[in-house]
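What the sequence shown shows, in the numbering used here, is residues 333 to 522, in sequence order.
Where a beta carbon is used, it is the ideal one built from N, C-alpha and C, also for glycine.
Remember, it's a predicted structure, so these values are computed and weren't measured experimentally.
These notes are about the structure you will find just below.
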Amino acid sequence: MKQPLLLFSEWYKEELTISRVEIPSAVCLSTMGVDQFPNARFVSFKEIKDSSFVITGPLQSRKGLEIEYHNKVALTFWWTETARQVRIQGVATKLSDEFAEEYFKQRSLMSQAVSSLSKQGKEADSLEELEKKIQKKISENTKIKRPEDWSGFSIKPTRMEFMEFKKSRFHNRKLYELDNNKWHLKQLQP
Ligand SMILES: Cc1cc2nc3c(=O)[nH]c(=O)nc-3n(C[C@H](O)[C@H](O)[C@H](O)COP(=O)(O)O)c2cc1C
Numbered sequence: 333m334k335q336p337l338l339l340f341s342e343w344y345k346e347e348l349t350i351s352r353v354e355i356p357s358a359v360c361l362s363t364m365g366v367d368q369f370p371n372a373r374f375v376s377f378k379e380i381k382d383s384s385f386v387i388t389g390p391l392q393s394r395k396g397l398e399i400e401y402h403n404k405v406a407l408t409f410w411w412t413e414t415a416r417q418v419r420i421q422g423v424a425t426k427l428s429d430e431f432a433e434e435y436f437k438q439r440s441l442m443s444q445a446v447s448s449l450s451k452q453g454k455e456a457d458s459l460e461e462l463e464k465k466i467q468k469k470i471s472e473n474t475k476i477k478r479p480e481d482w483s484g485f486s487i488k489p490t491r492m493e494f495m496e497f498k499k500s501r502f503h504n505r506k507l508y509e510l511d512n513n514k515w516h517l518k519q520l521q522p
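Structure, rendered in structure tokens:
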């Protein structure tokens with residue numbers, strides 16, 4: 333049986349080589365809201381590290397607070413060129429400061445400036461003022477420090493479903509479930 337993280341890497345690579353979308357790393361992150369409503373938004377998948385899926389962003393954002401409240405989350409990929417969907421459920425853990433620094437360094441100057449000055453999800457008094465501050469920060473051309481609040485999550489999968497979409501609707505669905513540290517595979521009906 334092929335291990336699911338290996339299958340994920342193969343599928344992702346296949347999509348990346350032929351993808352024509354600007355952000356092929358986009359993935360839908362679903363969380364459980366403090367109001368018990370599920371909540372979903374796209375984020376950028378960074379990489380698999382220590383058998384976990386890494387995403388980044390501010391911890392004081394809605395998603396950050398929701399994950400703090402309830403650490404079980406879902407990631408959903410839809411890859412248009414290869415017509416494949418991957419659904420992942422797992423447990424999220426905050427990144428270490430060391431890894432957060434690494435990911436912050438990889439961001440463009442613009443992204444770093446936005447992250448350092450924008451309080452993601454808070455109401456804006458004046459977008460123009462905020463944009464001016466960001467432009468000023470960029471023009472200073474000095475090293476931008478990672479805000480303490482900017483980090484990310486490492487999501488350890490416990491269930492992964494791989495679907496090959498078929499025009500006939502006779503989709504191929506393979507479900508991997510983790511039990512006692514071992515992955516078990518089931519073939520699902522379409
Ligand atoms: C393609 C795409 C990629 C995105 N990547 C990220 C990301 O990596 N991190 C992030 O915090 N927000 C990212 N966003 C913005 C989120 O969709 C969202 O607006 C933001 O994280 C606030 O969500 P929240 O209020 O639920 O915390 C991305 C949006 C899109 C459309």
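- Task: Using 7 angstroms as the cut-off, classify the Cβ of K518 as near or not near the heavy atoms of ligand 1, replying yes or no.
- Result: Position 186 of the sequence shown holds residue 518. No, Cβ of K518 sits at least 7 angstroms from all heavy atoms of ligand 1.
- Under 8 angstroms, do E496 and A415 count as touching if we go by C-beta distance? Taking the sequence shown and counting its residues from 1, the one referred to as residue 496 is at position 164. Taking the sequence shown and counting its residues from 1, the one referred to as residue 415 is at position 83. Yes, they are a contact pair.
- Message: For a test of the three-state rule: what should DSSP assign to R394, helix, strand or coil?
- Response: By one-based count along the sequence shown, residue 394 stands at place 62. Note: R394 maps to helix in three-state DSSP.
- Query: Relative to the C-alpha of Q417, which residue among F340, T388, T490 is closest?
  - Reply: Counting from 1 along the sequence shown, the entry for residue 417 is found at position 85. If we check each option's Cα against that of Q417, F340 comes out closest.
- Task: Please find out if some non-hydrogen atom of ligand 1 comes closer than 7 angstroms to the beta-carbon of I380.
- Result: Here residue 380 corresponds to residue number 48 of the sequence shown, with the count starting at 1. Flag unset: Cβ of I380 not near ligand 1.
- Query: Looking at the structure shown, is K345 part of a helix, part of a strand, or coil, going by DSSP?
  - Reply: Residue numbering aside, residue 345 sits at position 13 when the sequence shown is read from its first letter. Note: K345 maps to helix in three-state DSSP.
- Bridge partner(s) assigned by DSSP for F485: Along the sequence shown, one-based indexing puts residue 485 at 153. DSSP output for F485 lists I387, K426 as bridge partner(s).
- Can you list every residue whose CB sits closer than 5 angstroms to some heavy atom of ligand 1, going in chain order? I355, A358, R373, F374, V375, S376, G389, S393, R394, K395, G453
- Item | Proximity to K488 [Cα-Cα], best of K381, S450, V359, R352 | Indexing the sequence shown from 1 puts residue 488 at position 156. Looking at the Cα atoms, K381 is the closest of the given residues.
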